[in-house]
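I have placed the structure first, in the form of structure tokens, so that the comments after it can refer back to it.
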Amino acid sequence: MSSLNATLRECHRLRVHVRELLAEIDRGPRVLKGRQDDLEAARAAHAAHYEHIKQLKLKQRDDEGTLKQTETRLAKLEAQLVDLAVAKERAAKESEIAQAQATKGALEDAILATIMELEEKTNAIPTVEKAWADAQAEFAEYQKEAAERLERMQHDLAESRTTLDAREAELPAPAKRTYDTVVKAKGPDALTAAKARVCQACRATMAETQFFNLRGGEFRTCAACGRILYAVE
Ligand SMILES: [Zn+2]
């Protein structure tokens, strides 16, 4: 295989590589945004857990206050009942007492349920703290890796561009003019391999002589798709 084939193949590889690097560098801010959203969600979940505990404690305090009032009222009603002799008045008072007792029972149930939920939420605190610590550590790790990765890619990009310039400078002048035109129009897809006479981009088959000349170092483009060809085994 001629050195022209090798040069074009290397130019193709480098141009594709540069395009991939640029695309990946470009994706960086979007990936960062996704990671920031994850961290924010973890922060919110952590805060929500403590807020929930706070609300449960408030509810418990309120319910306990109401229970105390209900018990006071119940004692008063029961004391009043003793003094009532008229059946109709007694019935009315008994109904009031039954209602107060139902309220008392419901409050006791609610307080018990709140206490149980509080206990469950309090027991979960170590797990919640660990999840939040893990989320922060993961984000810090991501930031560190992303910065290192970006630096590697930028270094690779600069190096690839320098090598590409050097390889392109090896192209003979008439070929370079066509090369520049096609590359300007098609980017990294301006180049393609030809294998066993077949253009690997558009699958067109070239004549035996043309392939022979291509392998021998002739600069040519695909008659079907216009791409710059390099022969490969
Ligand atoms: Zn083609």
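Take any residue in the sequence shown, note its place counting from 1, add 7, and you have its number in our numbering. Every residue gets a Cβ at the ideal spot worked out from N, C-alpha and C, and that includes glycine.
Closer than 7 Å: residue i CB and nearest ligand 1 heavy atom
i, result
"THR199", "yes"
"ALA13", "no"
"ALA203", "no"
"ARG234", "yes"
"ALA192", "no"
"CYS229", "yes"
"CYS209", "yes"
"CYS18", "no"
Boundaries of the beta strand (DSSP E) in which residue i is found, first to last residue
i, result
"THR199", "198 to 202"
"ALA142", "Note, ALA142: premise wrong, no beta strand (DSSP E); alpha helix (DSSP H) at 132 to 176."
"ALA238", "235 to 239"
Integer Cβ distance of residue i from residue j, believed to fall under 8 Å
i, j, result
"LEU164", "CYS206", "Incorrect: roughly 29 Å between the Cβ atoms, too far for contact."
"LEU114", "LEU74", "4 Å"
Start-to-end residues for the alpha helix (DSSP H) that takes in residue i
i, result
"LEU15", "10 to 90"
Inter-residue Cα distance where the pair is residue i and residue j
i, j, result
"ARG210", "CYS229", "10 Å"
"ALA51", "ARG37", "21 Å"
"ALA144", "LEU125", "28 Å"
"LEU253", "ASP44", "Any answer about residue 253 is impossible in this case: the structure gives the chain only from 8 up to 240."
"ARG269", "ARG42", "Given that the chain is displayed from residue 8 to residue 240, the structure contains no residue 269 and the question cannot be resolved."
"TYR186", "VAL239", "19 Å"
### Query
Per the contact definition of three or more C-beta pairs closer than 8 Å, is the region 59 to 76 in contact with the region 113 to 129?
Pairwise C-beta distances place the region 113 to 129 in contact with the region 59 to 76, as three or more of them are shorter than 8 Å.
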